[in-house]
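Engineer:
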Amino acid sequence: MTTSETATITFAETHGSVKGYEKRAVDAFLLRARNAFERYGDEADQMTSADVRRVAFPIVRHGYVISAVDAALGRIEDAFAAREREAAVADGGVHAWVGQTRETAQVVLDRLSRPKGRRFDRVGGLRYGYRIDEVDLVADKLARYLETGEALSVEQVRGVAFRMQRGGYREAQVDAVLDAVIEVILAVA
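The sequence shown begins at 0 in numbering that gives the first Met the number 0 and counts up by one.
(1) Kindly indicate the opening and closing residues of the alpha helix (DSSP H) around Gln105.
(2) With a Cβ-Cβ cutoff of 8 Å, do Val107 and Glu76 count as a contact?
(3) For Tyr129, which of helix, strand or coil comes out of DSSP?
(4) Between the Cα of Arg143 and the Cα atoms of Arg110, Pro57, Asp174, which residue gives the shortest distance?
(5) Measuring straight from C-alpha to C-alpha, what distance separates Val176 and Asp120?
(6) Using 10 angstroms around the beta-carbon of Arg118, count the other beta-carbons present and answer buried if the total reaches 16, otherwise exposed.
(7) Can you list, in chain order, the residues of its chain with a C-beta nearer than 7 Å to that of Glu170? Leave out the 5 residues immediately preceding and following it.
(8) In terms of residues, what are the limits of the alpha helix (DSSP H) holding Lys18?
(9) State yes or no: is the C-beta of Val183 nearer than 7 Å to some heavy atom of the ligand HEM?
(10) Could you tell me the alpha carbon to alpha carbon distance between Ala71 and Ser16, rounded to whole angstroms?
(11) Secondary structure at Ala159, three-state DSSP: helix, strand or coil?
(12) Let me know the secondary structure DSSP gives Leu177 once reduced to three states.
(13) Answer with buried or exposed for Arg38, where buried requires no fewer than 16 other C-beta atoms within 10 angstroms of its C-beta.
(14) Does the separation of the CB atoms of Phe10 and Val68 fall below 8 Å?
(15) Which residue or residues does DSSP assign as beta-bridge partners of Gln164?
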């Protein structure tokens, strides 16, 4: 990611009743990300790939097209992850980096190896959480990737979306596992 790349990013705007990301929030975050990337090592401007992955923007009419912004965020996250991997390898060596990644993968695999319907905590019966059957289906695919190396791209994991159901899986736990799988994929990329 270079200054010229982030300084010239423009996104199409939504029209009519279609909603998109609030432009000022996106622009402010991209500026902050660019500054953090350029001032790498400066404690005041630290940002990680996880920060990029977890950013959220208000949804408004006449905002930026969501898919275009998400694609750009994916590329920015990849750039931060590559830098993090290089720094970790330089600090602790390849073996330490691989060991840490293997440990993260094992923790996730242990979670995904639980019986279907019991892989994550559930919200109360009157609250909405992620649909259990959909999460379990994705969890099986993630487990196959971690166990056997079955093909799985970071874009596939980033693009996962679940419908809601009463008494479903707790969103924060599912999202944390998805984030961890993304970290593993980026670590070995």
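Glycine included, every Cβ here is placed at the ideal spot set by N, Cα and C.
Structural biologist: In terms of the structure at hand:
(1) Counting from one through the sequence shown, the residue named residue 105 turns up at place 106. Gln105 -> alpha helix (DSSP H) spans 65-111.
(2) As a working note, residue 107 is residue 108 in the sequence shown. As a working note, residue 76 is residue 77 in the sequence shown. Against a cut-off of 8 Å, the Cβ pair of Glu76 and Val107 comes out as no contact.
(3) Here residue 129 is taken as the residue at index 130 of the sequence shown, counted from 1. Here Tyr129 sits in strand by DSSP.
(4) Walking along the sequence shown from the start, residue 143 turns up at place 144. Looking at the Cα atoms, Arg110 is the closest of the given residues.
(5) Against the sequence shown, residue 176 aligns to sequence position 177. Against the sequence shown, residue 120 aligns to sequence position 121. Between Val176 and Asp120, the alpha-carbon positions lie close to 13 Å from each other.
(6) Position 119 of the sequence shown holds residue 118. With a threshold of 16 other beta carbon atoms within 10 Å, Arg118 meets it and is buried.
(7) Here residue 170 refers to the residue found at position 171 when the sequence shown is read from its first residue. Contacts found: Gly128, Tyr129.
(8) For the purposes of this step, residue 18 is taken as the residue at position 19 of the sequence shown. Premise fails: Lys18 lies in the beta strand (DSSP E), 18-20, not in any alpha helix (DSSP H).
(9) The ligand HEM is absent from the structure shown, which contains no ligands of any kind.
(10) Residue 71 sits at position 72 when you count from the first residue of the sequence shown. Residue 16 sits at position 17 when you count from the first residue of the sequence shown. Computed Cα separation, rounded: 23 Å.
(11) Counting from 1 along the sequence shown, the entry for residue 159 is found at position 160. First, the amino acid is wrong: residue 159 is Val here, not Ala. Residue state, collapsed to three classes: coil.
(12) Counting from 1 along the sequence shown, the entry for residue 177 is found at position 178. If DSSP states are grouped into helix, strand and coil, Leu177 belongs with the helices.
(13) What you label residue 38 is simply residue 39 of the sequence shown in a count that begins at 1. Counting Cβ neighbours within 10 Å, Arg38 comes out exposed, since fewer than 16 surround it.
(14) By one-based count along the sequence shown, residue 10 stands at place 11. By one-based count along the sequence shown, residue 68 stands at place 69. Remark: C-beta atoms of Phe10 and Val68 approach each other more closely than 8 Å.
(15) Looking up residue 164 in the sequence shown gives position 165. Its beta-bridge partners are Gly128.
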